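Enquirer: Handing you a structure now.
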């Protein structure tokens, strides 16, 4: 089983860019992607706050693979990457990094891993020199609890007007929320994956990791 993992946060490249990079790598290396995993957050959450992501890692079977566009997609914090890589090695998972064409698994030399982590640490250190609120960060919104539902409806081609009627909310406010969170990009990326040339796929082939999903599930029960 091969999982293509993408993450949308302020520090990451766009989901579309990540998708193109992953597709390029998978085609060049004749690697079939079985399931798409998309993690979404408006903030660069710490690892302990990303419970769904940790659960996802723990449920991957031995010998399975995760494909990412770059190592920083998993986290841009070196200490967190140490924990993530340790989990990957413990579960004997193959981590493929498209940018650089590297595979991290139990056979990878530690010097290669430390080199990657050191480069990321320096990059993060330079980024921390900026003062003030991180560029691209978003405050919480009343629509956050509907996030998963909004993305799924957009991916199905439902209009913003129809979604606002279903949720019984202001269309203009919902439109502003969708634009500020780039949800159409997220939905479009899911839609293109569902309808790619390899055949029609169902939504079950996509795992959407979102910190607001649990709140939404509680609301609809």
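Residue numbers (my numbering): 238 to 458. We treat Cβ as the ideally placed atom computed from N, Cα and C, and that holds for glycine. No experiment lies behind these values; they were computed from the predicted model shown.
Would you identify the three-state DSSP class for residue 324, choosing helix, strand or coil?
Expert: Three-state result, residue 324: helix.
Enquirer: Could you please give me the residues that DSSP links to residue 272 through a beta bridge?
Expert: Paired residues: 240.
Enquirer: With which residues is residue 249 paired in a DSSP beta bridge?
Expert: According to DSSP, residue 249 bridges with nothing at all.
Enquirer: I'd like the span of the beta strand (DSSP E) that includes residue 284, first residue to last.
Expert: That residue, residue 284, is in no beta strand (DSSP E); it is neither H nor E in DSSP.
Enquirer: Under 7 angstroms Cβ to Cβ from residue 397, same chain only, skipping five residues before and after it: list those, please.
Expert: Within the same chain, residue 397 has close Cβ partners 408, 411, 412, 415.
Enquirer: Just tell me which of 278, 309, 320, 321 has its CA closest to the CA of residue 381.
Expert: Nearest of 278, 309, 320, 321 to residue 381, Cα basis: 278.
Enquirer: Is the Cβ-Cβ distance between residue 340 and residue 331 less than 8 angstroms?
Expert: For residue 340 and residue 331, yes; Cβs fall inside 8 angstroms.
Enquirer: Residue 266: buried (16+ other C-beta within 10 angstroms of its C-beta) or exposed?
Expert: Exposed, since its Cβ has fewer than 16 Cβ neighbours within 10 Å.
Enquirer: What's the gap between the Cα of residue 273 and the Cα of residue 400?
Expert: So the alpha carbons of these two residues sit roughly 24 angstroms apart.
Enquirer: With residue 343 and residue 329 assumed to form a contact (beta carbons below 8 angstroms), what rounded beta-carbon distance in angstroms separates them?
Expert: Contact holds; Cβ gap of about 6 angstroms.
Enquirer: Taking the alpha-carbon positions, what's the residue 419 to residue 336 distance?
Expert: Whole-angstrom Cα-Cα distance: 24 angstroms.
Enquirer: Compare the beta carbon distance of residue 350 and residue 305 with 8 angstroms and say whether it is the shorter of the two.
Expert: Not closer than 8 angstroms, so no.
Enquirer: Do the CB positions of residue 260 and residue 243 come within less than 8 angstroms of each other?
Expert: No, Cβ-Cβ distance for residue 260 and residue 243 is not below 8 angstroms.
Enquirer: Quick one: give me the first and last residue of the beta strand (DSSP E) that residue 302 is part of.
Expert: Unbroken beta strand (DSSP E) run through residue 302: 302 to 305.
Enquirer: Would you mind sorting residue 299 into buried or exposed? The rule is 16 or more other CB atoms within 10 Å of its CB.
Expert: The residue in question, residue 299, is exposed, as its Cβ has fewer than 16 Cβ neighbours within 10 Å.
Enquirer: Helix, strand or coil for residue 350, going by three-state DSSP, please let me know.
Expert: Helix at residue 350.
Enquirer: Label residue 384 either buried or exposed according to how many other C-beta atoms from any shown protein chain fall within 10 Å of its C-beta, with 16 as the threshold for buried.
Expert: By the 10 Å Cβ count, residue 384 comes out buried.
Enquirer: Look at the alpha carbon of residue 346 and the alpha carbon of residue 353, and state the distance between them as a whole number of angstroms.
Expert: Approximately 12 angstroms, taken between the alpha carbons.
Enquirer: In angstroms, rounded to a whole number, what distance separates the CA positions of residue 310 and residue 417?
Expert: If I take the Cα positions, the gap works out to 21 angstroms.
Enquirer: With a threshold of 8 angstroms between beta carbons, is residue 414 in contact with chain C?
Expert: No chain C appears in this structure, which consists of one protein chain only.
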